[in-house]
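Chains as they are written, first to last, in my numbering: chain A, 1 to 113; chain B, 1001 to 1114. C-beta: ideal position from N, C-alpha, C; glycine also.
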């Protein structure tokens, strides 16, 4: 069975500071990994995904994540936080193209002016 | 990117009534759609997998007779909450699997049962 652990239910950063949201997963097979963002009262928007190939994945809005198999991690980063980045972020894993996503509990990102 | 819509975006109903929520993939065909439920400040909980032309697959603990799912076409799945009660109040989100395998999510439907 797969699982996702997001360390830190709430992360607060200053505007312009580095954003680091942590995600660790467990999977018995090579995983498909995703980061989604959710703004209040909205659905989820895909930020980026890793399926195969390059382990450093670039997504929208300046975010990127690196798949590290040895650490079973897929942390999300952004060099410089904007106020508009304040939202809930979910890491998700699946074990194939055809299975449902398993989500982490989410991390709420606050950006302080 | 691919677009998934949900209707209605919010609904208030009386206890005992049934509510239907629609999920549509607007610019692609989706043989598989998923229905999730999200409680305040919590993650998404998968309720069921909806496959076009066949019965939905429900997750453990989800009552199939209470949450009726119909995936009648490649662009439409519906979730009907039958005989709704206040504990069914929640944020319901659907997703559709794009042919390129990425899941795209709808904007969600907030249900309040009085």
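Under the rule that 16 or more other beta-carbon atoms within 10 Å means buried, what is residue 20 of chain A, buried or exposed?
So residue 20 of chain A counts as exposed.
Just the C-alpha distance for residue 1083 of chain B and residue 104 of chain A, rounded to the nearest angstrom, thanks.
Cα to Cα, residue 1083 of chain B sits roughly 31 Å from residue 104 of chain A.
Using a beta-carbon distance below 8 Å, is residue 1075 of chain B in contact with chain A?
Cβ-Cβ to chain A under 8 Å: no for residue 1075 of chain B.
Give the list of continuous beta strand (DSSP E) stretches no shorter than 3 residues that lie fully inside the segment 31-105 of chain A.
DSSP runs (the beta strand (DSSP E)) wholly in the segment 31-105 of chain A: 32-38, 44-50, 56-58, 64-68, 73-78 and 87-94.
Whether or not the segment 24-41 of chain A and the segment 85-100 of chain A are in contact is what I'm after, with contact meaning three or more pairs of Cβ atoms, one per stretch, closer than 8 Å; do they touch?
At 8 Å Cβ cutoff, the stretches touch.
Starting from residue 1006 of chain B, trace the beta strand (DSSP E) in both directions and tell me its first and last residue.
Unbroken beta strand (DSSP E) run through residue 1006 of chain B: 1004-1007.
Output the distance between the C-alpha atoms of residue 78 of chain A and residue 65 of chain A, rounded to the nearest integer angstrom.
Answer to the nearest angstrom: the Cα atoms are 9 Å apart.
Please classify residue 1039 of chain B as buried or exposed, where buried requires at least 16 neighbouring CB atoms within 10 angstroms.
It counts as exposed.
The ligand ZN and residue 1053 of chain B: does the residue's C-beta get closer than 7 Å to at least one heavy atom of that ligand?
Among the components of this structure there are no ligands whatsoever, and the ligand ZN is therefore not found.
Which residue wins for smallest C-alpha separation from residue 52 of chain A, given the options B:1105, B:1101 and B:1019?
When each option's Cα is compared against that of residue 52 of chain A, the closest is B:1101.
In angstroms with no decimal places, state the Cα-to-Cα distance between residue 1106 of chain B and residue 1024 of chain B.
Straight-line Cα distance between these residues: approximately 8 Å.
With distance defined between alpha-carbon atoms, name the residue in A:11, A:15, A:102 and A:12 nearest to residue 1059 of chain B.
Selected option, being the one with the closest Cα: A:102.
Alpha carbon to alpha carbon, how far is residue 18 of chain A from residue 1045 of chain B? Give it in angstroms, no decimals.
Going from the Cα of residue 1045 of chain B to the Cα of residue 18 of chain A covers about 30 Å.
Ignore the nearest five residues each way along the sequence and tell me which others in residue 1006 of chain B's own chain have a CB closer than 7 Å to its CB.
Closer than 7 Å at the Cβ level, and outside the excluded window around residue 1006 of chain B, lie 1021, 1022, 1023, 1094, 1106, 1107, 1108 and 1109.
Can you give me the start and stop residues for the beta strand (DSSP E) that residue 1103 of chain B sits inside?
First-last of the beta strand (DSSP E) with residue 1103 of chain B: 1103-1105.
Have a look at residue 166 of chain A and residue 62 of chain A and give me their C-alpha separation to the nearest angstrom.
Since the first and last residues shown for chain A are 1 and 113, residue 166 of chain A lies out of range.
Which chain A residues are close to residue 1110 of chain B, counting only those with a beta carbon under 8 Å from its beta carbon?
Ordered by position in chain A, the residues that pass the 8 Å Cβ test against residue 1110 of chain B are 41.
From residue 1079 of chain B to residue 93 of chain A, what does the alpha carbon distance come to, in whole angstroms?
Using only the alpha carbons, I get a separation of about 24 Å.
Taking the continuous beta strand (DSSP E) assigned at residue 1022 of chain B, which residues delimit it?
It spans 1019-1025 - the beta strand (DSSP E) in which residue 1022 of chain B sits, taken as one unbroken run.
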